[in-house]
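Comments concern the structure below.
There are 2 protein chains.
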Amino acid sequence: MNIRDVAEKAGVSISTVSRVVNGSELVKRPTRSRVLRAMHELNYYPNLNARSLAGGRSRILGIVVSNLQNPFFLDIFCSFEARALQQGYEVLLADTGYRTDRLKAGIRLMIGRRVGGLAAIVSEMDPSIQEELVRVGIPAVFYDVATPQKKISVIRLNYRHGMRQAVEYLYSLGHRRMAYIGYPMPLGPTEERKSAFLETMTAHSASSFTVAAAADGFVGGQEATRELLRSGFNPTAVLCVNDITAVGVLRELRNQRISVPKEISVIGFDNIPLAEFSSPSLTTLDIPRQRIGHLIFDLLAPSHSAVRSIGRETMISPELIIRESTGPVP
Amino acid sequence: MNIRDVAEKAGVSISTVSRVVNGSELVKRPTRSRVLRAMHELNYYPNLNARSLAGGRSRILGIVVSNLQNPFFLDIFCSFEARALQQGYEVLLADTGYRTDRLKAGIRLMIGRRVGGLAAIVSEMDPSIQEELVRVGIPAVFYDVATPQKKISVIRLNYRHGMRQAVEYLYSLGHRRMAYIGYPMPLGPTEERKSAFLETMTAHSASSFTVAAAADGFVGGQEATRELLRSGFNPTAVLCVNDITAVGVLRELRNQRISVPKEISVIGFDNIPLAEFSSPSLTTLDIPRQRIGHLIFDLLAPSHSAVRSIGRETMISPELIIRESTGPVP
DNA sequence: TTGAAAGCGGTACCAG
DNA sequence: CTGGTACCGCTTTCAA
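Line by line, the protein sequences give chains A and B. Anchor point for the first sequence: position 219 equals 219 in this note's numbering, and the numbering is continuous, going up by one each time. Anchor point for the second sequence: position 191 equals 1191 in this note's numbering, and the numbering is continuous, going up by one each time.
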């Protein structure tokens, strides 16, 4: 059941079949229908591998993310994919689990598939991989790692801005002793959150403390909280690297019968859907993930609205969303 | 930078390069290193499209799911993918968003890519699509829809068993008026949960009521709860089609100052990670998603542990996990 | 409007 | 151990 079979059955050449398959206008009506019927009767599915090979061109886009289980990445992927599919692109996904080897493997895979564009929305991106990508010269989008170039666009989040909003908001509520719960690994983007936190705290000469979560997820937040409570620092507010960590924090505080926000305020980062449905609901910094997903597509797909941003850096600012998990200092 | 360039640069034939790339043993040391160096210097990435085409064989597996945002599907995908990658397979993903047209498109895509196996873990599977898949004759795994055949394996969940556990547990706590919150669309698998619920209720001559959520997610559960409360049925317990719906329910009950489990008990389905971290934590029926993900791989990848189950039906039983969201009737 | 033929970049079999 | 070569299935000029 290849193009030749169809051609034979329809009594035409393979070129004609190809034209029909690709919706070319220049095929006469009756011919077209003969071909279509043949295709149907033979149950023909064009071989996309052959097509990609012959065409050379790429209706395929790739995206690699750090942790699908984190709604931040998942949402970006979903909105990106939706947009891409809708525009007739295929999309390839790789989840690295924050591991550099998997990142490398994922990117190699995509290059091997000759994707037309590649987004690396990962916290663990390292320079060597970046160079590799630049060398092959396919359009790419990086997340939070710098050096935009010819075909390399960068999306950056303004963590300082976000952190400042959060800290100042808490400060205005009377908080002076705040803790930050971050990632275990010293990954670029997450470190920026942390240092932004520390700087802002210093600027306000408030007292700060940081803990590293052992993992990206509920459990990480929970364990970090235990550590934090053991430390004796006694914060009145806790800022978290992201919302899932914050939900883990809420959980542990509840276990320890510490009331939020009465005794401690908690604030997250990302504004995932769950933030609104946790108990208490979570004050957080919204990151417009859907917009980011769409932007990634526009940056990767040729001739699109985002041309102006291609090869440049796009800065996105988080926005503070106040809910129930924060309140005045006791 | 194709295989020919490499061959030329290394002063060998393309066959030799191919051997090196594929790690064949029968290449002499010095030759191999010359080739490797050439590959490196030219920055060579084998064209996977060409490889898939020529090889005909399929180191690609496909999986299509209904809703990635639902951790049930996500977890299955992740464990499936992890296993597959680790075994050197490529995996293709499609998310249908419960839409039949997207399901069809996704499956066509995978067939076009000539995947070696295809898992359709979707609630909206319809017979025509199933037939299509059978016709092309690629190994497949279906979820909750029947007719195992030569190359078609089926994974089924024993909803009746699960529902019975849940209902009887609640009954033993004194509950007699229970409500069920299900999916909006009459999808096979989810209907089974509902009818299992109703039957068990009838068997115990307890009083039941059902509502359909408007969507799969927190909001769906929340809105369904409002509807339920308005109905005047006044249940002492609510069973939900899945955990995310249940979390939406918890939220709305909290909004209405209805205490869980003091006034109403809530029970979910799936046992997603969040179930343990919601407030209150969620009593639910555990579905071993990781096991399912691995099983899917074993069913699809040739010559594997699961051979005995290939082309047959594997029944999996949910197991009741009791947490804080359920308690004795007031 | 349709057909013929030259690739696309590999794989795998057959010789040597 | 290495090279030659016939495909894999489709796209894409170029002619007819």
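Cβ coordinates follow ideal geometry from the N, Cα and C atoms, glycine included.
Beta-carbon spacing of residue i, residue j below 8 Å
i         : j         : result
B/Thr1314 : B/Leu1295 : yes
A/Arg176  : A/Ser153  : no
A/Ser325  : A/Leu170  : no
A/Val241  : A/Ser278  : no
B/Phe1072 : B/Leu1093 : no
B/Ile1129 : B/Leu1118 : no
A/Leu343  : A/Phe209  : Only positions 1 to 330 of chain A appear in this structure, which leaves residue 343 of chain A out of reach.
A/Gly162  : A/Pro261  : no
A/Ala224  : A/Ala212  : yes
B/Ala1105 : B/Ala1120 : no
A/Gly137  : B/Pro1046 : no
A/Arg251  : A/Asp75   : no
A/Asn49   : B/Asn1067 : no
A/Ile155  : A/Ile292  : yes
A/Gly11   : A/Arg34   : yes
A/Arg164  : A/Thr202  : no
B/Ile1316 : B/Asp1286 : no
Neighbour-count burial assignment, residue i, 16 or more Cβ in a 10 Å radius
i         : result
B/Arg1257 : exposed
B/Lys1194 : buried
A/Ile310  : buried
A/Arg230  : exposed
B/Gly1232 : exposed
B/Asp1101 : exposed
B/Met1125 : buried
B/Ser1123 : buried
A/Ala54   : exposed
B/Arg1226 : exposed
A/Ser172  : exposed
B/Gly1088 : exposed
A/Thr283  : buried
A/Thr96   : buried
A/Ser259  : exposed
B/Pro1189 : buried
A/Asn255  : exposed
Reference residue i; option with closest CA among the options
i         : options                                       : result
A/Glu131  : B/Asn1043, B/Ala1306 and B/Gly1011            : B/Asn1043
A/Phe269  : A/Leu157, A/Arg114 and A/Ala146               : A/Leu157
B/Pro1127 : B/Leu1187, B/Thr1283, B/Gly1162 and B/Ala1084 : B/Leu1187
A/Val307  : A/Arg251, A/Leu26, A/Gly248 and A/Lys151      : A/Lys151
B/Leu1109 : A/Ser52, A/Leu133 and A/Glu191                : A/Ser52
A/His204  : A/Asp216, A/Leu228, A/Ala166 and A/Ile292     : A/Ala166
B/Tyr1143 : B/Gly1137, B/Tyr1159, B/Val1136 and B/Arg1135 : B/Tyr1159
B/Arg1099 : B/Asp1216, B/Leu1074 and B/Leu1133            : B/Asp1216
A/Ser79   : A/Pro318, A/Asp298 and A/Glu319               : A/Asp298
A/Arg323  : A/Pro30, A/Asn271 and A/Lys28                 : A/Asn271
A/Glu192  : A/Pro235, A/Thr202 and A/Val145               : A/Val145
A/Arg135  : B/Glu1276, B/Met1001 and B/Pro1330            : B/Met1001
A/Asn234  : A/Val35, A/Gln86, A/Pro330 and A/Pro189       : A/Pro330
A/Ser281  : A/Asn255, A/Val249 and A/Ile287               : A/Val249
B/Leu1274 : B/Thr1031, B/Leu1285 and B/Asp1243            : B/Asp1243
A/Gly327  : A/Glu263, A/Leu320 and A/Leu285               : A/Glu263
A/Ala103  : A/Ala214, A/Thr147 and A/Leu133               : First, the amino acid is wrong: residue 103 of chain A is Leu here, not Ala. For the residues A/Ala214, A/Thr147 and A/Leu133, the minimum Cα distance to A/Leu103 belongs to A/Leu133.
A/Asn70   : A/Pro30, A/Leu228, A/Thr245 and A/Val115      : A/Thr245
Minimum length 4: unbroken alpha helix (DSSP H) runs contained in the stretch 1204 to 1235 of chain B: 1218 to 1231
Contact between the stretch 5 to 22 of chain A and the stretch 34 to 46 of chain A (3+ Cβ pairs under 8 Å): yes
- request: Identify every run of the alpha helix (DSSP H) within the stretch 1029 to 1080 of chain B, keeping only runs that are complete inside it and at least 4 residues long; order them along the chain.
  value: 1029 to 1042 and 1048 to 1055
task: Evaluate the contact criterion for the stretch 1050 to 1063 of chain B versus the stretch 59 to 75 of chain A: three or more CB pairs, one atom per stretch, below 8 Å.
output: no
task: Only counting runs of 3 or more residues, tell me where the beta strand (DSSP E) segments fall wholly within the stretch 1123 to 1201 of chain B, in order along the chain.
output: 1140 to 1143, 1152 to 1157 and 1177 to 1182
query: Where in the stretch 273 to 323 of chain A do unbroken runs of the alpha helix (DSSP H), each at least 4 residues long, occur, reported from the N-terminal end onward?
result: 273 to 277 and 289 to 300
field: Three or more C-beta pairs below 8 Å linking the stretch 1217 to 1228 of chain B and the stretch 1176 to 1185 of chain B
entry: yes
- request: Evaluate contact between the stretch 15 to 32 of chain A and the stretch 1015 to 1026 of chain B, counting only Cβ atoms and requiring at least three cross-stretch pairs below 8 Å.
  value: no
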